[in-house]
Structures are given as C-alpha cells and as structure tokens.
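Have a look at the structure below before the remarks.
2 protein chains.
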Amino acid sequence: MSETENTPAAPLETIASSLRRERDRAGLTLTELAKRAGIAKSTLSQLESGTGNPSVETLWALGVALGVPFSRLVDPPTPQVRVVRAGQVPIVRSEQSTYGAALLSSGESGARRDLYVLELEPGGVRHADAHIPGSVEHVILTAGRLLAGPEDSPVELEVGDYVSFSGDVPHRYEALAPGTTAVLVMEHR
Amino acid sequence: MSETENTPAAPLETIASSLRRERDRAGLTLTELAKRAGIAKSTLSQLESGTGNPSVETLWALGVALGVPFSRLVDPPTPQVRVVRAGQVPIVRSEQSTYGAALLSSGESGARRDLYVLELEPGGVRHADAHIPGSVEHVILTAGRLLAGPEDSPVELEVGDYVSFSGDVPHRYEALAPGTTAVLVMEHR
DNA sequence: TGGCAGCGTTCGTCAAACCGAATTTAAGGA
DNA sequence: TCCTTAAATTCGGTTTGACGAACGCTGCCA
C-alpha cells in the first residue's frame, strides 16, 4: 500500500511473463494448463504472448490452476544477482540449548521471495530452463534425498541441507528417495 | 478454510466490496471515480453491484484512480495468524507427478526476507518480544512437534504444517518433541 | 521415410464487457 | 408542494475477449 501504486509496466505484459514463468515452474504445458483452468488454449496462448486483456474470471482460473494467488500474476517480479551458499553455518544455540538458529540467507531489500513446498518422487527429473536473469533459488531438504542445482553441477542433499543457486541457468530437481519434500524459496527481484 | 492465498472466495464479490469500500474511503462519487478512471459509470455501477466480470485493464484503471495497488482490490484482508496444514494445500502436479509444488506465501515487492533454520528441544520456551511493526514470520515445521505463534494464540504444528503470523506482537516457540527443526522466514519491510 | 502424437499459434464466430444516453431515485431550497 | 440538481441505475449499440476448429511445427518410432 505504501508502495508505488502506479506500476510503470503495463499489467498485461507483467501478466504475460508471470504466466509463462509460473507455468514453467509448475512443469505444465500450455495445453495442459488451459485444460486444468477450463479455458481455451487459444486464449492462454494470446495471454502469454501479451496480446489480449483477460477478464478477472479468466485470470482467476489460471491462478487456481497454477496454485498461486491472483496478485502473484499481476505484480511484477524483479531480478537481482545474489547467491548465498550455506549448510556449513553452525547453529548458534542459546544457554539451555533448547533453541538455535542459523541464518541461511539474508534478503536484499527490494527483492521478492516466494515460499513453496515441493514434493518429488524418484524416477523423474525435473528440468527447468533458465528463467529471469538474477533469480535465485533456495532449497532446504526436509525429507528424503534430493539432487538439485545447475545442470552441470547438481548437489546431492541430505535432510536438513541447504543449497542456493542462480535460477538463470538451466537447473534440475531429482528425487533420490520416495517421499522427498523440500522447502523452496524463489527469489526474483 | 482460511486459504487466503490460494483459493479465496469468489473474486467478483471481493472486487465489488473492495471497490465500494475504497471509493468510500476516497470520498469519491461513482460518477467522479468513473470519470477519473476513464471508464463508463455504468460499468462501474455494475462492478460495484457484483454483476459483471471486469477486464484487467478496467480494474487497473480503477486501482490507479483510487490510488491503491491492484492487489488490494482482489485480495481479501488477511487474518493475523494463518495456518496451512500439511496436505491441505493443493499441490499442482505435472504429468508424471514426480514433481509438485505449492505456493505457501507470496512475497510483497519491497519486502525483505531472511531465511533461517531452527532447532529446538523440549523443555524450554523461546520468547520473542515484538519487533518492527509490519514484520511477518513464516514457519514450516520439518521435524518433531512445535508450538508457535502469538503468546495469546499459539498454534501446534505437525511436520509439514505451515504457519505465518505477525511478528510485531509478542510470540513464542516451544518444542514439544525432541529433535524439532523448522524453517523460518522472517519478513520485514 | 512416412506416419503419428502432442504442443503451440492463427482464424472465424458468438457471447459479453464496455460505452453513451435516457431514466429513475434522492436531497435540498424557495 | 414543486422544482432543481446531482447521483446512481437501467437500456440499446458497439467493441472485444473467449471459444472451438483448423493449421504448422517438432520429436518419436516403426
């Protein structure tokens, strides 16, 4: 609210890129997403190409199908280059050692971070092409085993491990054990 | 069902009431607002009555004329404490269903988010006084059991559960089982 | 090489959102 | 009470978004 209300970029372009990005992330094809959202794929095609001016109901259906809130599609993202590697950071404990915390990543002001939970099963590899330059992905493995990171140098994670890497190069997620779950923080300026 | 981020009530009704409320607050007549937004007052009338299905451009123009961000018109007010139980959030899966993700929280542009891992043991209570107004804490429990939240209304979490609450009131963390770990995202503007 | 299947774009058709004008409703003021 | 002014709601006409079908494209397999 205290922000700039008159977002410079036309909302339609923002919607176009947001739509493409989220569909990408969800690993859905245009056809599949259109079917799930209950809209014609031609409509979706035009929206992603920046042509058109969707109604609220149409956009809403897409948000539901993608599992993201409405505003996520209209508010513009922003990239910024920042990669933080952690995992070897010792957890600082309080006196009775019943509570400890370690800072994994300190966010830049102006950055935008979205919080996801992931569920993956072995047998498939989730590939992701480079998205917006400057985006960073943070992953904390909470169950199972996971191979994640850039295509050329993926990292194998045990439960509790943390990895972050730039999202602007092709990268992958591959579960190595059943019931693999992780927390994903996707950061884009 | 307080899923304010993923599947709120019908957007059209939210928009209708939001429009009326904001126009009220701004002290504008329907005619005046329509003129400023550059739309027909008949259109606005129908929108406020809940009839109709505005296009993005139309809604955008109204947001600008009212001096409020787009999202304020479509997102219903968020509760102070939000709990999402494991499995409660619809995880959007791709075809092979080896990969799925659900958005727990969408970050505001301009907000700052720090990423922590927590480890807690039973027997101690971690109290935290109010911090900076406007800060929000997000917690995903990854192991054990945890009691967390505002002092007067803490929430008991199972593994996989998610809770977010305002950090500007006194709150607490208390492990209910050995080996309790959690991911904490602290957000402040 | 040909055929098949899935993905994405382009093209007419139709319903609906948007608009401008007329109509109704509300509130004073003499 | 009647008249005047302004706000808000309906009422046809036009523009445009959404749909379905058809089309090109690509990768795969026999």
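These protein sequence lines are chains A and B, in that order.
Heads up: take any position in the first sequence, counting from 1, add 1008, and you land on this note's numbering.
Heads up: take any position in the second sequence, counting from 1, add 1008, and you land on this note's numbering.
Yeah, the Cβ is synthetic: ideal placement off N, Cα and C, and Gly gets one too.
Chain B within 8 Å of residue i, Cβ atoms only
i	result
proline 1019 of chain A	yes
threonine 1039 of chain A	no
threonine 1150 of chain A	yes
glutamate 1164 of chain A	no
serine 1063 of chain A	yes
valine 1125 of chain A	yes
valine 1193 of chain A	yes
leucine 1052 of chain A	no
leucine 1155 of chain A	no
glycine 1058 of chain A	no
glycine 1187 of chain A	no
glycine 1168 of chain A	yes
proline 1087 of chain A	Since pLDDT at proline 1087 of chain A reaches only 27, below the 50 mark, its modelled position is unreliable, and the value read off the structure follows with that caveat. Output row for proline 1087 of chain A: interface = no.
Exposure label - residue i; buried when at least 16 CB within 10 Å
i	result
proline 1085 of chain A	Below a pLDDT of 50, predicted positions are generally treated as unreliable, and proline 1085 of chain A, at 48, falls in that range; no measurement from the model is reported.
serine 1026 of chain A	buried
glycine 1060 of chain A	buried
glutamate 1056 of chain B	buried
threonine 1236 of chain B	Residue 1236 of chain B is absent from the model: chain B starts at 1009 and stops at 1197.
alanine 1156 of chain B	buried
serine 1161 of chain A	exposed
proline 1019 of chain B	buried
glutamate 1159 of chain B	exposed
threonine 1189 of chain A	buried
glycine 1187 of chain B	exposed
alanine 1185 of chain B	exposed
glutamate 1166 of chain A	exposed
glycine 1131 of chain A	exposed
threonine 1037 of chain A	exposed
glutamate 1021 of chain A	exposed
glycine 1035 of chain B	exposed
glycine 1075 of chain B	exposed
tyrosine 1107 of chain A	Caution is warranted here: a pLDDT of 44 is assigned to tyrosine 1107 of chain A, below 50, making its placement in the model unreliable, and the coordinate value is therefore given only provisionally. Flag for tyrosine 1107 of chain A reads buried.
Per-residue DSSP class, three states only, for residue i
i	result
arginine 1180 of chain A	strand
serine 1143 of chain B	coil
glutamine 1041 of chain A	First, the residue type needs correcting, since residue 1041 of chain A is leucine and not glutamine in the sequence shown. Helix at leucine 1041 of chain A.
threonine 1150 of chain B	strand
leucine 1020 of chain A	helix
aspartate 1076 of chain A	Checking the displayed sequence, the identity of residue 1076 of chain A turns out to be valine instead of aspartate. Residue state, collapsed to three classes: coil.
leucine 1036 of chain A	coil
glutamate 1129 of chain B	coil
threonine 1188 of chain B	strand
serine 1063 of chain B	strand
serine 1102 of chain A	Note that serine 1102 of chain A scores 37 on pLDDT, short of 50, meaning its location in the model is unreliable; the coordinates nonetheless yield the value given after this. Three-state result, serine 1102 of chain A: coil.
serine 1114 of chain A	Residue confidence for serine 1114 of chain A is low, a pLDDT of 49 falling below 50, so the modelled location carries little weight and cannot support an answer.
glycine 1071 of chain A	helix
serine 1057 of chain A	coil
alanine 1048 of chain A	coil
Bridge partner(s) assigned by DSSP for residue i
i	result
serine 1172 of chain A	A/His1146
alanine 1156 of chain B	B/Val1163 and B/Tyr1181
arginine 1121 of chain A	A/Glu1195
arginine 1134 of chain A	A/Tyr1181
Proximity test, Cβ basis, 8 Å: residue i and chain A
i	result
phenylalanine 1078 of chain B	yes
leucine 1027 of chain B	no
arginine 1044 of chain B	no
valine 1147 of chain B	no
isoleucine 1023 of chain B	yes
valine 1082 of chain B	yes
leucine 1067 of chain B	yes
asparagine 1014 of chain B	Because the pLDDT at asparagine 1014 of chain B is just 38, under 50, the model does not fix this residue reliably, and the point stays unresolved.
### Message
Check whether the segment 1024 to 1042 of chain B and the segment 1179 to 1195 of chain A are in contact - that is, three or more C-beta pairs closer than 8 Å.
### Response
no
### Query
Are the segment 1037 to 1050 of chain B and the segment 1042 to 1052 of chain A touching by the rule of at least three beta carbon pairs closer than 8 Å?
no
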